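K.L.:
Residue numbers (the working numbering), protein chains in the order written: chain A, 87 to 654; chain B, -7 to 1102.
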């Protein structure tokens, strides 16, 4: 600072005196220097590998929360906008009727994937910067670059699926800009594919990753295959999937493993796959990439609300025909909570469609272990020692006819009782928090982001697209045979069959919307299979195949972003 | 006691000395009464004491008889004490005794008594004969004014009112008297045939001689060139304000206030219009000359003498960078009298909710909403078949039995309670009528070399919600000493202890809770976690069981020194140092069955927080008068630093609750967080004021400021200002002798640093992840840097007119202003594509213009009755002139448009509600159904979409603000009230009112209770104003409503005891009882909670109080 704004007058003499008395120089700019005391910035953190590691952790953390946490958790909520489920508590509530550019319910994917992209870009800037210190080797540097590129690709893959052309940003934004336009799809795909090829080349082999949960070559190839499927490059998809299947020692688990408790008295390997604590095990060769959850880790453990969302609201059943509460729940401190520890506290926001609960199983109901009662709970029991119905199966016919019993059939069957994927989503007996509400519907069970069974089905999909039905059938049968299901005949293989197989194997795991879109079956399956009693086919309209770009985003770009057709 | 020219007005003393004795000596001292005939000498008077001064004797004679006593005060020593032998005697007897062995003789006429040196009576008699004796009493709003000056204009004849406010004066026929007293508006009265007068003086808020605080110095109000408003609290009617900011509501044109209804909350303040898009709008608070960083609620209202509000740029310019939103200068009390004055005030009262209450659904409505919701879903399915008449409409649900309705309830708990007929009004259950109490004790005094003020106060109030309570102790010690002729030292210690302990009942959950919950209100200690197995419906009363202690201590310490430089006349140096130490301890323990402690079996949280600051001011002032010229130059160098830190330590999972939050190691799960910060300011200011004959006034100011929070490239700003004043009424050509007129014009620049520290820097947010249950820290970029972030700068013009008409019976001011703000600090919305949602930037410009009027009048003034009124009016209009400097005319994301107000509401225009007839006739838009909001289709394409159908539908700012206050005095009674209003109309002052229609979210409408302010739409109830339950609209908005209101803001009724009566007690100096009410009644069209706060009622209070001095 220069203090010469007042000329040499009496006042300026006063200035001199003031400085003297103040013991501080007014011209000393150090006095106004701003030193952050309690936060980091990329300039002082990403300049070393130790800081870049923190940034990589940040990518993992934000993706996990985007996919599994919150009312708009991408994996769970978005599947209710597809053919596999609907909101059982309020079926007419969220349907395609309310999918408008200004409904913030549908903003998460756009906003959060771009955050992921920005965070990856910021890291890439420093990983590529030669001034960054601390690399153990050039391989490590390339591997980290591959991991950041992998996350960016993951985000763009989802964005292209839901929105089509999207702005392609490959560098961190450091000055306020607002005019962003949509980049043609081909260009975005080309970028994603390149990035993933780099990642697949430089990421560590499975087992060599620095920590369980970090990304490996296998994950990169798996994702690459999915991008190729979306891009219509089926041969490349087959090649990428084949790398996963052949190169890294993955195999489907066929024997029981881990430390599963068979709480329902029976069990099988499919139950083991999804049992608490079994996903990260070295012996689990089926896991390609696992989302990490941890109970009792403040801030770091995440929260998976799968049980809450998928389970039925059994505790609202009310009274049994004899006038006793149907289910008393756990006895804690001398009081019944109303909740059962095995069922937790679900709210039925993702009630599977009839197609999912029944139709896909019809051909092989008894053999397919994936339909075993410990994996899909279909039978519920009265639990109230005072009642004559105690221990009996809950059957709504016990109350008599709906004409006269005052009950509401839709509530009973969509909201209160329906088949529940308890083995996969549920977390019986791992009440880690809120004992009074049986865990409140949350679990800290690790989740498969990618599992080898899906890789087989992805490759089968590519073979079908190329008309190589035998190879497709072979891949599908790898999955089916592990499940003790009858092999599919080549003649029965089709995209529709594949989509049903995906339901059998991957319901609650897969990003159903993405699969339906890339197979061109989105509208058809939705209209055929989603039997939402208030909104058949979820009231989907043709233009809903792509989602609307958030209005806030169009507003923020001053209209430079063009809305998808049908939304204005 | 009779005194002689103990004139307080310095300007009168001077000419008095130089004038020749001859004529005006006569007026020196006078008093008298009507003639009593020739036996005047024999008139008997009684004395209370037999030892008294000549002056007292004369006083007694004049009071008990009709005589006027006339003498020259050079001749008669009125202070001479005499001992008289009797307590009841004739006048002659006393006069003989009193002047025995002196050279004074007396002469008793039938109208007057002359006292003179022998042979020196010449002229005295003529004066006495001409004189007309009048009597009078000087009052103010609270009672007699002691020591007021009563002067005859044109000569030096005068007297001072006695302890009862009375005076007697002999005046020439047709004379005009000027009655004046420091702190009051001077008044002139014309003497007519009447011989007795009551004069009610009005307080000094508009006194021209009054000294006003202007920042780094003071100025006489008459010499001001900027827009400064003084609010005098010391002499104002008793209003039991719990908070200093409350005392300002409605007081000043251009001061915008917004009240809240929570105990211990501040009224939020802003001055004039919106200068900024996103930066802070709060004015700067300066306490006794020092920038005050604490909370307004730390300051004890009873310690405050006056508040000066700097409104225009030139006035505020001395605080340069901090002043764009105006400056509020708080001056605390000082000692006044030689003898220590002890004052004691107290008030006790009760407070409850203001008159507006929003209704929520009762048990029946709550149940029927679920029946209706289900039916309306079926109806919607039918609507989708595009029916053309009501044939085929689904039959309404069979609800012939209670059981049938009960089935729709979502839990067994509610079903059972519905059948039992229970119905809980949760709003009623969480609210209370609270008590307030306030005690203040002060001692002050002023001797030749020491001025001191000590006070202690206790305040306690219970808010509107159960367990919302606030206790405050404040201690204030202020000492100013004069060490030598050239050195003064002072210190001020202000300590406040605020206790906000206890978590109040949750108002939010009360609005959501089921009226059909199972609850036991009888058993103490009973509470639940949530109702009806609905996690979003928590027990609003459970929070009372959280063990919480929230203590906030603030120590504000100031040291001042002043050197009057001996060798340069008029030059002085002031040094101020002040420091603030704020510490807060907020500790909570959440038992395992209370929301918050539920998840992990009990939770204890300790949050200690420290905020510190220091400030140095060096003030050099040079003040000289050269003949008609007067010059005042000030130079200031100031530095300030503020820093603080917070730690949050949490322990969860407790096996025993015994030790509450005091021993965290009893928990088994831990987490910690901490933060720290610092920021600095540096400023240089120069100001020169010049005036010629107090008629032409000129002030110029330059300030250069630096703030650490700005970008590294732009830490500093230089802000100049200048203003001129012209006292028109001082000009010779002014024909109206009894008017006062001053014209002011100012131009200046102010800066705004109203952004938080560190916002110009890029930050990494911190989170965590785990790999195989091993926790790791994660970071991610969370904010974008802006190295060029700089000051927001406002340039403004202000034209002001101060006036006083009819001998100052009507006074006031009129202000017009216009300002332009550039480099506006904006939290600019970014597309999420960038990875960020916003960044602080300097963008665009905003214009503000406005008018302010203040009027004060003395409407009626009689012996026993007076009526004074005050009126304020303010109007402000703002307009965005530029957004991003790139020619863009709109920012849709923020709803900002060039040419429009920042408060513009950009939305869909709601025309009403779609009805079934619209559907049947095919007039309805595709995808829209009866019961949904009907919006204007601006582009007539049969669709409602964001791109084409939004427009500006109104403005959230008020159109104007008005207040009207009155003080009525009748004998010892005095009544004060103020009506305050903020008006809408013409689209102004609108707000979305969430209470007018049920929740649009289909999820919450069935899960939570809903407002029942208006009935929702059904096919039978064709409401055009409220939507239906199952709305599921493609596009939905709140229903906008005008918030305009007029409020009976404060009422105060006071009784002031007679001083004469009090004197008999020998202890009390003054005693006043008062009853005051706040927010007593609100007139408004707004539905639901109070229009000012909208989401919560305001506090309506009634208090009884006592003010006394010893």
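Using N, Cα and C, we set each Cβ at its ideal position, and we do this for glycine too.
Here the structure is a predicted model, which means the values were calculated and not measured.
Measuring CB to CB, does residue 792 of chain B end up less than 8 angstroms from residue 772 of chain B?
P.N.:
The residue labelled residue 792 of chain B in the question sits at position 800 within the second chain. The residue labelled residue 772 of chain B in the question sits at position 780 within the second chain. No, these two residues do not count as a Cβ contact at 8 angstroms.
K.L.:
Is the distance from the Cβ of residue 762 of chain B to the Cβ of residue 365 of chain A below 8 angstroms?
P.N.:
Residue mapping note: residue 762 of chain B aligns to position 770 of the second chain, counting from 1. Residue mapping note: residue 365 of chain A aligns to position 279 of the first chain, counting from 1. Cβ distance not < 8 angstroms, so residue 762 of chain B and residue 365 of chain A don't count as in contact.
K.L.:
DSSP beta-bridge partners for residue 911 of chain B?
P.N.:
As a working note, residue 911 of chain B is residue 919 in the second chain. For residue 911 of chain B, which the question treats as bridged, DSSP gives no partner whatsoever.
K.L.:
So which of B:477, B:513, B:512 and B:463 has the shortest CA-CA distance to residue 489 of chain B?
P.N.:
Locating residue 489 of chain B in the second chain gives position 497, counting from the first residue. For residue 489 of chain B, the nearest C-alpha among the options comes from B:463.
K.L.:
Distance check for residue 482 of chain B and residue 1104 of chain B, CA to CA, integer angstroms please.
P.N.:
It is not possible to answer for residue 1104 of chain B, since the shown part of chain B is limited to -7 through 1102.
K.L.:
Interface residues of chain B around residue 203 of chain A at Cβ under 8 angstroms?
P.N.:
The residue labelled residue 203 of chain A in the question sits at position 117 within the first chain. Result: 827.
K.L.:
Using a Cβ-Cβ cut-off of 7 angstroms (strictly less than) and excluding sequence neighbours within five positions of residue 416 of chain B, which residues of its own chain qualify?
P.N.:
In the second chain, residue 416 of chain B corresponds to position 424, counting from 1. Cβ neighbours of residue 416 of chain B beyond the five flanking positions: 507, 509 and 511.
K.L.:
Going straight from the alpha carbon of residue 133 of chain A to that of residue 231 of chain A, what length do you get?
P.N.:
Counting from 1 along the first chain, the entry for residue 133 of chain A is found at position 47. Counting from 1 along the first chain, the entry for residue 231 of chain A is found at position 145. Looking at the two C-alpha atoms, the distance is approximately 14 angstroms.
K.L.:
Which residues in chain A sit within 9 angstroms of residue 998 of chain B, going by Cβ to Cβ distance?
P.N.:
Locating residue 998 of chain B in the second chain gives position 1006, where the first residue counts as 1. Here the neighbours are 175, 176 and 179.
K.L.:
Which of the three DSSP states is assigned to residue 88 of chain A in this structure?
P.N.:
In the first chain, counting from the first residue as 1, residue 88 of chain A sits at position 2. Since pLDDT at residue 88 of chain A reaches only 38, below the 50 mark, its modelled position is unreliable, and the value read off the structure follows with that caveat. It is coil, neither helix nor strand.
K.L.:
What does a CB cutoff of less than 8 angstroms around residue 647 of chain A pick up in its chain, not counting 5 residues either side in sequence?
P.N.:
Counting from one through the first chain, the residue named residue 647 of chain A turns up at place 561. Excluding sequence neighbours, residue 647 of chain A sits near 253, 266, 267, 268, 635, 639 and 640.
K.L.:
Starting from residue 952 of chain B and walking both ways along the beta strand (DSSP E), at which residues does that stretch end?
P.N.:
Along the second chain, one-based indexing puts residue 952 of chain B at 960. Taken as a continuous stretch (DSSP letters only), the beta strand (DSSP E) holding residue 952 of chain B covers 952 to 962.
K.L.:
Note down, in chain order, every chain A residue with its Cβ under 8 angstroms from the Cβ of residue 1022 of chain B.
P.N.:
On the second chain, residue 1022 of chain B is found 1030 positions in, with the first residue counted as 1. Within chain A, the residues near residue 1022 of chain B are 178.
K.L.:
Could you check what DSSP says for residue 601 of chain A in three-state terms: helix, strand or coil?
P.N.:
Locating residue 601 of chain A in the first chain gives position 515, counting from the first residue. Residue state, collapsed to three classes: helix.
K.L.:
Any heavy atom of the ligand HEM closer than 7 angstroms to the Cβ of residue 866 of chain B?
P.N.:
Within the structure as shown, the ligand HEM is missing, as the structure has no ligands at all.
K.L.:
List the residues of chain E whose Cβ lies closer than 9 angstroms to the Cβ of residue 1026 of chain B, in chain order.
P.N.:
Absence of chain E from the displayed structure is noted, the protein chains being A and B.
K.L.:
Pick from B:264, B:34, B:72 and B:141: whose alpha carbon is nearest that of residue 865 of chain B?
P.N.:
To locate residue 865 of chain B, count along the second chain from 1; it is residue 873. For the residues B:264, B:34, B:72 and B:141, the minimum Cα distance to residue 865 of chain B belongs to B:264.
K.L.:
The alpha helix (DSSP H) with residue 561 of chain A in it runs from where to where?
P.N.:
Sequence index remark: in the first chain, residue 561 of chain A carries index 475 (1-based). Taken as a continuous stretch (DSSP letters only), the alpha helix (DSSP H) holding residue 561 of chain A covers 555 to 568.
K.L.:
For residue 678 of chain B, which residues of its own chain have a beta-carbon under 6 angstroms away from its beta-carbon, when the five flanking residues on both sides are left out?
P.N.:
As a working mapping, residue 678 of chain B is identified with position 686 in the second chain. Correct list, in chain order: 627 and 694.
K.L.:
Would you please verify whether the beta carbon of residue 888 of chain B is less than 8 angstroms from any beta carbon of chain A?
P.N.:
As a first step, residue 888 of chain B must be located in the second chain, where it is residue number 896. By this cut-off, residue 888 of chain B is not an interface position.
K.L.:
How many angstroms separate the CA atom of residue 879 of chain B from the CA atom of residue 314 of chain B?
P.N.:
For the purposes of this step, residue 879 of chain B is taken as residue 887 along the second chain, with counting starting at 1. For the purposes of this step, residue 314 of chain B is taken as residue 322 along the second chain, with counting starting at 1. One C-alpha to the other measures close to 30 angstroms.
K.L.:
Which term fits residue 534 of chain A, buried or exposed, when burial requires 16 or more other beta carbons within 10 angstroms of its beta carbon?
P.N.:
Indexing the first chain from 1 puts residue 534 of chain A at position 448. The residue is buried, with at least 16 neighbouring Cβ atoms inside 10 Å.
K.L.:
Let me check understanding here. Comparing Cα to Cα, which of B:58, B:1081 and B:847 lies closest to residue 102 of chain B?
P.N.:
Counting from 1 along the second chain, the entry for residue 102 of chain B is found at position 110. Here the closest residue by C-alpha is B:58.
K.L.:
Can you give the Cα-Cα distance for residue 98 of chain B and residue 215 of chain B, rounded to whole angstroms?
P.N.:
Working through the second chain from its first residue, we reach residue 98 of chain B at position 106. Working through the second chain from its first residue, we reach residue 215 of chain B at position 223. Between residue 98 of chain B and residue 215 of chain B, the C-alpha separation is close to 49 angstroms.
K.L.:
If you measure between the beta carbons of residue 721 of chain B and residue 733 of chain B, is that distance less than 8 angstroms?
P.N.:
Along the second chain, one-based indexing puts residue 721 of chain B at 729. Along the second chain, one-based indexing puts residue 733 of chain B at 741. Closer than 8 angstroms, so yes.
K.L.:
Spatial neighbours of residue 258 of chain A within its chain, please: C-beta separation below 6 angstroms, excluding the five flanking residues on both sides.
P.N.:
Your numbering for residue 258 of chain A matches position 172 in the first chain. For residue 258 of chain A, where only same-chain residues beyond five positions count, the Cβ hits under 6 angstroms are 207, 208 and 211.
K.L.:
For residue 289 of chain A and chain B, any beta-carbon pair shorter than 8 angstroms?
P.N.:
Position 203 of the first chain, counting from 1, holds the residue named residue 289 of chain A. Residue 289 of chain A does not count as touching chain B.
K.L.:
Leaving out five residues on either side along the sequence, give the residues of the same chain with a beta carbon under 6 angstroms from the beta carbon of residue 104 of chain A.
P.N.:
For the purposes of this step, residue 104 of chain A is identified with residue 18 of the first chain, where counting begins at 1. Any answer about residue 104 of chain A is weak, because its pLDDT of 48 lies below 50 and its placement is not dependable; what the coordinates show is given next. Taken in chain order, the list of residues that qualify is empty.
K.L.:
Would you say residue 437 of chain A faces chain B, with C-beta separation under 8 angstroms as the test?
P.N.:
Walking along the first chain from the start, residue 437 of chain A turns up at place 351. No, its Cβ sits nowhere closer than 8 angstroms to a Cβ of chain B.
K.L.:
Against chain A, does residue 939 of chain B count as a neighbour if the rule is that its beta carbon must be under 8 angstroms from one of theirs?
P.N.:
For the purposes of this step, residue 939 of chain B is taken as the residue at position 947 of the second chain. Interface residue, yes.
K.L.:
Would you kindly work out how many angstroms separate the C-alpha atoms of residue 608 of chain B and residue 573 of chain B, rounded to a whole number?
P.N.:
In the second chain, counting from the first residue as 1, residue 608 of chain B sits at position 616. In the second chain, counting from the first residue as 1, residue 573 of chain B sits at position 581. Between residue 608 of chain B and residue 573 of chain B, the C-alpha separation is close to 15 angstroms.
K.L.:
Just to make sure I have the definition right: I need the residues of chain A whose C-beta is within less than 8 angstroms of the C-beta of residue 669 of chain B. Which are they?
P.N.:
To locate residue 669 of chain B, count along the second chain from 1; it is residue 677. By Cβ distance, chain A contributes 123 and 124.
K.L.:
Can you tell me whether residue 728 of chain B is buried or exposed, with buried defined as 16 or more other CB within 10 angstroms of its CB?
P.N.:
Position 736 of the second chain, counted from the start, is the residue given in the question as residue 728 of chain B. It is exposed - the Cβ of residue 728 of chain B has fewer than 16 other Cβ atoms within 10 Å.
K.L.:
Of all the CB atoms in chain A, is at least one closer than 8 angstroms to the CB of residue 884 of chain B?
P.N.:
Within the second chain, numbered from 1, the residue matching residue 884 of chain B stands at position 892. Interface residue, yes.
K.L.:
Return the chain-ordered list of same chain residues with a C-beta closer than 7 angstroms to the C-beta of residue 651 of chain A, the five sequence neighbours on each side being excluded.
P.N.:
In the first chain, the residue the question calls residue 651 of chain A occupies position 565. Only 629 meet the Cβ criterion.
K.L.:
Rounded C-beta distance between residue 506 of chain A and residue 512 of chain A? I'm assuming under 8 angstroms.
P.N.:
The sequence position of residue 506 of chain A within the first chain is 420, counting from 1. The sequence position of residue 512 of chain A within the first chain is 426, counting from 1. Going by Cβ atoms, the distance from residue 506 of chain A to residue 512 of chain A rounds to 7 angstroms, so yes, they are a contact pair.
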